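Input: a single structure, listed below in structure tokens.
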Amino acid sequence: MNFKYSFIFLFFIQLAIRYSNAKVTVDTICKNGKLIQMSNHFECLCSTGYALKNESTCEPIVVCDKLENKDKVCREYATCVNQANAVPNVLRCECLNGYISPQGICKPIKCNNYDCAAGKCIIDGVNPVCSCDIGKILQNGKCTGTGQTKCSLKCKTQEECKLNGKHYECVAKTQAPGTGGGAGTTTPPANGSFMNGMSIFSIIALFVMYIAVI
Numbered sequence: 000m001n002f003k004y005s006f007i008f009l010f011f012i013q014l015a016i017r018y019s020n021a022k023v024t025v026d027t028i029c030k031n032g033k034l035i036q037m038s039n040h041f042e043c044l045c046s047t048g049y050a051l052k053n054e055s056t057c058e059p060i061v062v063c064d065k066l067e068n069k070d071k072v073c074r075e076y077a078t079c080v081n082q083a084n085a086v087p088n089v090l091r092c093e094c095l096n097g098y099i100s101p102q103g104i105c106k107p108i109k110c111n112n113y114d115c116a117a118g119k120c121i122i123d124g125v126n127p128v129c130s131c132d133i134g135k136i137l138q139n140g141k142c143t144g145t146g147q148t149k150c151s152l153k154c155k156t157q158e159e160c161k162l163n164g165k166h167y168e169c170v171a172k173t174q175a176p177g178t179g180g181g182a183g184t185t186t187p188p189a190n191g192s193f194m195n196g197m198s199i200f201s202i203i204a205l206f207v208m209y210i211a212v213i
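Residue numbering for the sequence shown follows numbering that gives the first Met the number 0, beginning at 0 and increasing consecutively.
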């Protein structure tokens, strides 16, 4: 019986870690980048000269021309690795496990050939879904409808939420203090993933409830 409880406990802990670390939420702090918002998800936009190694961490971009750059970021979701069946100690830039680059841009394998029109494919839990550019909404599974999404970014006092092309981001206010502003709200996008709102504490709470009923 103790073994059974231990196994279940480990399962819940792994589940909690997976979803608390993997998903970017309105409260995520982007390392070496800034948080931006599309129609129904948040993501980290890296500073110039940096690229994403995971969903919330940007690292300096390197060239895979020397061995000390092994495992370092060479582009978004890609690192320098040893070439398979090639000259020893020669590195090449390859996508991380679970990603593919049919057009030179690493994206989740499940998003390969997934057409979103005016948006991008993201993984919501385990399934590919479309997150639309601001100004577009889902229609029959694609970003072909027209509609607005409210900015939900938690901008600082001296910042305001602005539309920058296809996404929202926090920028420094241009008007004098006290003349009003467009600071983001604290309400996450209505179409956001349920798992994005779950924390490790809520998953552990589910585990405790499960133990109580059995």
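Ideal Cβ positions, reconstructed from N, Cα and C, are used throughout, including at glycine.
Note that the structure is predicted; figures quoted are calculated from it, not measured.
Opposing strand residues paired with residue i [DSSP bridges]
i: residue 116; result: 142
i: residue 128; result: 121
i: residue 168; result: 35 and 161
i: residue 106; result: 99
i: residue 30; result: 56
i: residue 92; result: 79
i: residue 133; result: Beta-bridge pairing links residue 133 to no other residue.
i: residue 51; result: 57
Element boundaries [beta strand (DSSP E), containing residue i]
i: residue 153; result: Premise fails: residue 153 is in no beta strand (DSSP E) and is neither H nor E.
i: residue 42; result: 41–45
i: residue 78; result: 77–81
i: residue 72; result: 72–74
Supposed contact pair residue j and residue i - C-beta distance, whole angstroms, cut 8 angstroms
i: residue 111; j: residue 99; result: 5 angstroms
i: residue 63; j: residue 51; result: Actually they do not touch by this definition, with Cβ atoms about 17 angstroms apart.
i: residue 68; j: residue 45; result: Not a contact, Cβ separation roughly 18 angstroms.
i: residue 107; j: residue 97; result: 6 angstroms
Identity of the residue in the options nearest residue i by Cα
i: residue 57; options: 27, 125 and 67; result: 27
i: residue 134; options: 93, 45 and 165; result: 165
i: residue 139; options: 159, 126 and 114; result: 114
i: residue 33; options: 152, 90 and 93; result: 152
i: residue 169; options: 61, 36, 60 and 108; result: 36
i: residue 23; options: 41, 161 and 31; result: 41
i: residue 65; options: 101, 78, 31 and 147; result: 78
i: residue 55; options: 39, 38, 70 and 76; result: 76
i: residue 125; options: 109, 116 and 88; result: 109
i: residue 105; options: 53, 30 and 68; result: 53
i: residue 144; options: 155, 131 and 48; result: 131
i: residue 39; options: 154, 157, 150 and 93; result: 150
i: residue 120; options: 103, 141, 101 and 69; result: 141
i: residue 90; options: 101, 96, 72 and 148; result: 72
i: residue 92; options: 136, 157 and 74; result: 74
i: residue 148; options: 155, 162, 158 and 156; result: 162
i: residue 25; options: 81, 101, 154 and 117; result: 154
i: residue 70; options: 48, 95, 49 and 47; result: 95
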